[in-house]
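S.K.: Would you mind keeping the following structure in view while I ask a few things?
Residue numbers (this note's numbering): 647 to 848.
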């Protein structure tokens, strides 16, 4: 596979880069993305492919289960750079149906050390869905329940985003909006599950 990656790069240079050299030379000087994408690391959800965007248009942060953890210095730096320096006006949190990270919320792995700790940041999404189903006396097939948890996790991570003071400040100033999406691998469609134009009040 490593050889295939390098061969792919050579094809990129000869078939794409050389043909659009002016575009890539401009990109090398500066970037002006208008969206920060916080998505899952899943290899089946390639941002530029599913949104048909070009290099330089989307600033991307990916992790297991598209989680926003307020103690994650990596994400914190991405957010700070996006807002304070790139002046990005829109942040998208995009989950996807069939997410292995979300499915692992129901697991009890004795082998994994770090995954369960990371997924603590999504447990509330599972609990909210299960509480609602119990309240309504509804029992769903496992796949449908998991889809609801995927969607609720996106909403939960949008809430986590607003725990960052500089995110709330930008939203309240009307210079940034948050969007919650879910990608469906079976159809290729993106479903909009939430959009916040102003900061939520707790």
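Every residue gets a Cβ at the ideal spot worked out from N, C-alpha and C, and that includes glycine.
Under a Cβ-count criterion, where at least 16 other Cβ atoms within 10 Å of its own Cβ denotes burial, should residue 760 be classed as buried or exposed?
M.R.: Exposed, by the Cβ-count rule.
S.K.: Which first and last residues belong to the beta strand (DSSP E) in which residue 837 is found?
M.R.: Residues 836-842.
S.K.: Between which residues of its own chain and residue 739 is the CB-CB distance below 8 Å, once the five residues before and five after are set aside?
M.R.: Result list for residue 739: 684, 685, 712, 714, 800, 803, 804, 807, 824, 825, 826, 827, in chain order.
S.K.: Touching or not, the segment 724-744 and the segment 827-836, by the rule of three or more beta carbon pairs under 8 Å?
M.R.: Touching, per the Cβ criterion.
S.K.: On the criterion of 16 or more Cβ atoms from any shown chain inside 10 Å, does residue 661 qualify as buried, or is it exposed?
M.R.: With fewer than 16 Cβ atoms within 10 Å of its Cβ, residue 661 is classed as exposed.
S.K.: Counting only runs that start and end within the segment 759-833, where is the beta strand (DSSP E) found for 3 or more residues in a row?
M.R.: List check, beta strand (DSSP E) in window: 823-829.
S.K.: Is the beta carbon of residue 809 closer than 8 Å to that of residue 774?
M.R.: Going by C-beta atoms, residue 774 is not nearer than 8 Å to residue 809.
S.K.: Please go through the segment 697-769 and give each complete beta strand (DSSP E) segment of 3 or more residues, from N-terminal end onward.
M.R.: Segments of the beta strand (DSSP E) lying fully in the segment 697-769: 704-709, 736-742.
S.K.: Any idea what DSSP makes of residue 662, helix, strand or coil?
M.R.: Correct three-state label for residue 662: helix.
S.K.: Go ahead and pull the three-state DSSP assignment for residue 848.
M.R.: A caution first: residue 848 carries a pLDDT of 37, below 50, which makes its placement in the model unreliable, though a value can still be read off. DSSP places residue 848 in coil when its eight states are reduced to three.
S.K.: If distances are taken between C-alpha atoms only, which option among 663, 720, 732 comes closest to residue 816?
M.R.: That would be 732, whose Cα lies nearest to the Cα of residue 816.
S.K.: Residues in its own chain within less than 7 Å of residue 725 by CB, not counting five upstream and five downstream?
M.R.: Only 810, 813 meet the Cβ criterion.
S.K.: Grab me the residues of residue 781's own chain with a C-beta within less than 8 Å of its C-beta, minus the 5 sequence neighbours each way, in chain order.
M.R.: Here the set comprises nothing.
S.K.: So residue 678 is in the alpha helix (DSSP H); what residue range does that whole segment cover?
M.R.: Residue 678 -> no alpha helix (DSSP H), and no H or E assigned at all.
S.K.: How long is the line joining the alpha carbons of residue 663 and residue 777, rounded to whole angstroms?
M.R.: Rounded to whole angstroms, residue 663 to residue 777 spans 52 Å at the Cα level.
S.K.: I need the straight-line Cα distance from residue 682 to residue 707, nearest angstrom please.
M.R.: Spanning the two alpha carbons is a distance of roughly 8 Å.
S.K.: Does the Cβ of residue 649 lie closer than 7 Å to at least one heavy atom of the ligand NAP?
M.R.: Ligands are entirely absent from the displayed structure, and the ligand NAP is therefore not among its contents.
S.K.: Whole angstroms are fine: how far does the CA of residue 688 sit from the CA of residue 753?
M.R.: Going by the C-alpha atoms only, they are around 18 Å apart.
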